[in-house]
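Heads up, the sequence shown is in the numbering used here, so the first residue is 143 and it goes up one at a time.
Everything below concerns the one structure shown next.
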Amino acid sequence: MKICFITDTVFELGGIQRVLSTLANELVEYYDVDILCTMSGFKVDRRLYGLKEKVKVAIREDLVYKGLIKKVFLKSIKVLNSKVGFLNKDNYTDFLTKVYYPKEIQERFIQYLNNKDYDVVIGVAGYYSLLAAIISDKIGAKTIGWQHNSYKAYFRTPNKYQWGEDSLFREHIGKLDKYIVLTDADKKDMEENFKIKCSRIYNPLSFTSNEKSSCEEKKVIFVGRLIEGQKGLDLLIKAFNKVCLKHKDWTLHIVGDGPDKEKINKLINQLKLSKQVKIEPFTNDVKRYYLNSSIFVSSSRWEGFGLVITEAMECGLPVIAFANSGPKEIINRDNVNGILVKCGDIDKLSEAIISLMENEEKRKSIAKESVKRAGDFSMDNIIKQWNEVIGNV
């Protein structure tokens, strides 16, 4: 069986790239797996997330090419729609489809995919899930959409993701043979709002670790792409500023890279936290950071799942997270295997961090339960679900 994932790129830092690489590495042991990337400009580096050579990668920016005049015109309509939402109505669906998915782009993908004779085509994230749906009746392959953030992030976060595209999803997403979401909460939201049937498959752990943290180092850790808005790093740093009033001997380590690195550094310097807050470079060996820390914090304003949360749990760390949809499904609400904090509440976040700093027994108790919970996201469990979906489409 031949499978093709369609995505922007697999060679950029990010959660989608990491999860896709991890999943493709497993599926290639069962199927022929291709990843079709539509963005060039990134270094082709399989070592980034350990992508196996058996996974074939094609980079075809020409498939989404638009002439300059048309590109400017269509982008202006997209921007206007995302700002005002004036086209997000059922009677404008045909026009909106032509704006977001011009006919010539549809035809290029149809020709490419049919020439490759794939059995299954998987659209990664919102844009390519919808593309797969729109062309589903014109390609020989079965089609699957794979959502990579929460329903609220996709459709209720202004000017992000699929904001202003509700009508497009209502019109087309049901044409897919299967639609996959990351949480039960998103399954409920998608089914109620778009009248479709979804499958929930959690993101798999990208590694396992026999070694666990001792939870005795005076280190708090954050891991992720340095995007201040979504990842809430401004909130985390301000919360840690309050923590430092009581515990100057603890440090916060922010592991990753991204477009807002300088902005985050500026905030650290403004709050005079350069000795307490350190930005560590992206690494393929992130496990050692987990193992040498005692508390993991997820400060995301929205999070579809939270792969780094499950990784931290696998390494035996207690996790504190804002209670958005992804973390709420990973962490039990009774705070046995982690601590959920009201979204955006800096005071509550700092209080939760301090409570674990001051109670080693509590840290270790939550960490023990975290390890148990991490087992639910093992690759064996997740790949079994993916094989069932692929086998039944």
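Beta carbons are placed, not taken as given, at the ideal position from N, Cα and C, and that holds for glycine.
Keep in mind the model is a prediction, meaning the values are calculated, not measured.
Query raised in the report: With C-beta atoms as the reference, is Ile495 less than 9 angstroms away from Val362?
Result: Cβ atoms of Ile495 and Val362: closer than 9 angstroms.
Report task. Taking Lys144 as part of the alpha helix (DSSP H), name the residues at either end of that continuous run. Result -> DSSP places Lys144 in no alpha helix (DSSP H) but in the uninterrupted beta strand (DSSP E) bounded by 144 to 149.
Query raised in the report: Taking the DSSP output, what are the residues bridged to Cys386?
Result: None; Cys386 has no bridge partner.
**Report entry** Identity of the residues DSSP links to Val152 by a beta bridge
**Finding:** Among the bridge pairs identified by DSSP, Val152 is matched with none.
Requested in this report: Taking only the alpha-carbon atoms, compute the straight-line gap between Val385 and Ile462 and give it to the nearest angstrom.
Outcome: When the Cα atoms are used, Val385 and Ile462 turn out to be separated by approximately 14 angstroms.
Query - For Glu493, the nearest candidate out of Ile421, Phe382, Asn466 (CA to CA) - result: The shortest C-alpha separation from Glu493 is found at Phe382.
Query raised in the report: Identify the residues that DSSP records as bridge partners of Thr393: which are they?
Result: Note: Thr393 sits in a beta bridge opposite Lys361.
Requested in this report: Just mark Leu222 as buried or exposed, buried being the case when its beta carbon has 16 or more other beta carbons within 10 Å.
Outcome: Around the Cβ of Leu222, a 10 Å sphere holds fewer than 16 other Cβ atoms; the residue is exposed.
Requested in this report: Leaving aside the five residues before and after Leu169 along the sequence, list all residues of the same chain whose C-beta is less than 6 angstroms from its C-beta, in chain order.
Outcome: Cβ-Cβ distances below 6 angstroms link Leu169 to Val175 in the same chain, with the five nearest sequence neighbours on each side left out; the list follows chain order.
Report task. Kindly give me the distance between the Cβ atoms of Val419 and Ile396, rounded to whole angstroms, as I take these residues to be in contact under 8 angstroms. Result -> Indeed, because the Cβ distance is near 7 angstroms, the residues count as touching under 8 angstroms.
Requested in this report: Below 7 angstroms CB to CB, which residues in the same chain sit around Ser163 once its five sequence neighbours on both sides are set aside?
Outcome: Cβ neighbours of Ser163 beyond the five flanking positions: Val152, Tyr191, Gly192, Leu193.
Query raised in the report: Per DSSP, what kind of secondary structure is Tyr234 in: helix, strand or coil?
Result: It is helical.
Report task. Enumerate in chain order the residues of its own chain whose CB-to-CB distance from Met143 is below 6 angstroms, with the five nearest sequence positions on each side excluded. Result -> Counting only residues of its own chain and dropping the five nearest sequence neighbours on each side, Met143 has a CB closer than 6 angstroms to the CB of Tyr173, Asp261.
Requested in this report: Would you please state the rounded distance, in angstroms, between the beta carbons of Leu272 and His314? I believe it to be under 8 angstroms.
Outcome: A Cβ-Cβ separation of about 6 angstroms places Leu272 in contact with His314 under the 8 angstroms criterion.
Query raised in the report: Looking at the structure shown, is Phe447 part of a helix, part of a strand, or coil, going by DSSP?
Result: Correct three-state label for Phe447: coil.
**Report entry** Contact the stretch 199 to 208 vs the stretch 180 to 187: 3+ CB pairs below 8 angstroms
**Finding:** With the cut-off at 8 angstroms, the stretch 199 to 208 and the stretch 180 to 187 touch.
Report task. Would you check if the distance between the CB atom of Asn256 and the CB atom of Ile281 is smaller than 9 angstroms? Result -> Contact flag set, yes.
Requested in this report: Flag this pair as yes or no: are the beta carbons of Leu318 and Tyr344 separated by less than 9 angstroms?
Outcome: No, the Cβ-Cβ distance between Leu318 and Tyr344 is not below 9 angstroms.
Requested in this report: Note down the Cα distance separating Leu210 from Pro244, rounded to an integer number of angstroms.
Outcome: Roughly 14 angstroms separates the two Cα atoms.
Report task. Tell me where the alpha helix (DSSP H) around Trp528 begins and ends. Result -> For Trp528, the enclosing alpha helix (DSSP H) stretches over residues 521 to 534.
Report task. Report the three-state DSSP secondary structure of Ser440 (helix, strand or coil). Result -> If DSSP states are grouped into helix, strand and coil, Ser440 belongs with the strands.
Query raised in the report: Residues in its own chain within less than 7 angstroms of Met521 by CB, not counting five upstream and five downstream?
Result: Its chain contains Glu168, Pro346, Leu347 as the residues whose beta carbon lies nearer than 7 angstroms to that of Met521, once the 5 sequence neighbours on both sides are disregarded; these appear in chain order.
**Report entry** Among Asp391, Arg475, Phe297, the one whose alpha carbon lies nearest that of Gly446
**Finding:** Checked all of Asp391, Arg475, Phe297; the closest Cα to Gly446 is Phe297.
Query - Tyr172 - containing beta strand (DSSP E), residue span - result: In the DSSP annotation of this structure, Tyr172 is not part of any beta strand (DSSP E), being labelled neither H nor E.
Query raised in the report: When we look at the beta-carbon of Thr393 and count the other beta-carbons within 10 Å, is it buried (16 or more) or exposed?
Result: Buried, because 16 or more other Cβ atoms sit within 10 Å of the Cβ of Thr393.
Query raised in the report: Just to confirm, are Arg189 and Glu195 a CB contact at a threshold of 9 angstroms?
Result: No. Outside cutoff.
Query raised in the report: Exposed or buried, what is Tyr270 when buried is set at 16 or more other beta-carbons lying within 10 Å of its beta-carbon?
Result: Under a 10 Å Cβ-count criterion, Tyr270 is classified as buried, with 16 or more other Cβ atoms of the shown protein chains found around its own Cβ.
Query raised in the report: Since Ser441 and Leu491 are thought to touch, with beta carbons under 8 angstroms apart, how far apart are those beta carbons, to the nearest angstrom?
Result: The pair is a contact, with the Cβ atoms about 7 angstroms apart (cut-off 8 angstroms).
Query raised in the report: Among Tyr242, Ile177, Met455, Phe215, which residue has its Cα nearest to the Cα of Lys198?
Result: Of the listed residues, the one whose Cα sits closest to Lys198 is Ile177.
**Report entry** Contacts around Phe311, its chain only, beta-carbon distance under 6 angstroms, and the 5 residues preceding and following it disregarded
**Finding:** Closer than 6 angstroms at Cβ, skipping near neighbours: Phe336.
Query raised in the report: What are the boundary residues of the beta strand (DSSP E) that includes Arg342?
Result: Looking at the DSSP string, the run of the beta strand (DSSP E) that includes Arg342 is 340 to 342.
**Report entry** Burial state of Phe215 (16 or more Cβ within 10 Å)
**Finding:** Phe215 should be labelled exposed.
Query raised in the report: Rounded to a whole number of angstroms, what is the C-alpha to C-alpha distance between Asn474 and Phe237?
Result: Cα-Cα distance, rounded: 44 angstroms.
Report task. Let me know the secondary structure DSSP gives Leu482 once reduced to three states. Result -> If DSSP states are grouped into helix, strand and coil, Leu482 belongs with the strands.
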